[in-house]
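For the sequence shown, position 91 (counting from the first letter as 1) is numbered 145 according to our numbering, and the numbering increases by one without interruption.
We put the CB at the ideal spot given by N, CA and C, even for glycine.
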Amino acid sequence: MVDADSIGTAGDPSCGDHLKIFIKVNNGIIEDISFLVYGCAASVATSSMTTVLAKGKHLDDARKITQQDIIDALGGLPEPKKHCSNLGVSALRSAILHYQLQQTW
Numbered sequence: 055m056v057d058a059d060s061i062g063t064a065g066d067p068s069c070g071d072h073l074k075i076f077i078k079v080n081n082g083i084i085e086d087i088s089f090l091v092y093g094c095a096a097s098v099a100t101s102s103m104t105t106v107l108a109k110g111k112h113l114d115d116a117r118k119i120t121q122q123d124i125i126d127a128l129g130g131l132p133e134p135k136k137h138c139s140n141l142g143v144s145a146l147r148s149a150i151l152h153y154q155l156q157q158t159w
């Protein structure tokens with residue numbers, strides 16, 4: 055996303071996966087959201103679902119999205135892949151935090 059208001063990143067050193075989430079915010083609502091991910095299929099799926107769950111939500115509500123919300127929305131994940139949902143949560147919260155910090159300056 056070229057005109058993102060904020061970018062959040064997260065990585066998992068144990069498997070090498072890395073995620074960037076880009077958000078566009080209007081009146082506190084995530085108007086648009088996109089991502090770039092380097093990782094396995096589960097990382098791609100959880101990153102995508104993170105954007106689906108966050109789009110259209112107020113920043114405060116989006117920040118409350120959990121790993122379990124993502125796993126449930128996907129209909130479950132194999133146990134060894136559940137950690138992938140943490141990338142989405144972490145990158146989204148990072149993007150929201152960076153956006154809110156920019157607004158206070």
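### Message
Within a Cβ cutoff of 6 Å, which residues of the same chain sit near F76, ignoring the five residues on either side of it in sequence?
### Response
Your numbering for residue 76 matches position 22 in the sequence shown. Excluding positions up to five away in sequence, the list reads M55, A58, I61 and S88.
### Message
Classify A95: buried if its beta carbon has 16 or more other beta carbons within 10 angstroms, exposed otherwise.
### Response
Counting from 1 along the sequence shown, the entry for residue 95 is found at position 41. Classification for A95: exposed.
### Query
Does the beta carbon of G142 come closer than 8 Å to any beta carbon on chain B?
In the structure shown, chain B does not exist; there is a single protein chain.
### Query
What is the C-beta distance between S148 and Q121, in whole angstroms, given that I count them as a contact (C-beta under 8 Å)?
On the sequence shown, residue 148 is found 94 positions in, with the first residue counted as 1. On the sequence shown, residue 121 is found 67 positions in, with the first residue counted as 1. The pair is not a contact, with the Cβ atoms about 15 Å apart (cut-off 8 Å).
### Query
Would H72 pass as a contact of Y92 if the rule is Cβ separation under 8 Å?
Taking the first residue of the sequence shown as 1, we reach residue 72 at position 18. Taking the first residue of the sequence shown as 1, we reach residue 92 at position 38. Yes; because the gap between Cβ atoms is below 8 Å, this pair is in contact.
### Task
Determine the DSSP secondary structure at A64, reduced to helix, strand or coil.
Here the question's residue 64 lines up with position 10 in the sequence shown. Three-state result, A64: strand.
### Task
For K78, name the three-state secondary structure that DSSP assigns.
Against the sequence shown, residue 78 aligns to sequence position 24. Looking at K78 - three-state DSSP - the assignment turns out to be strand.
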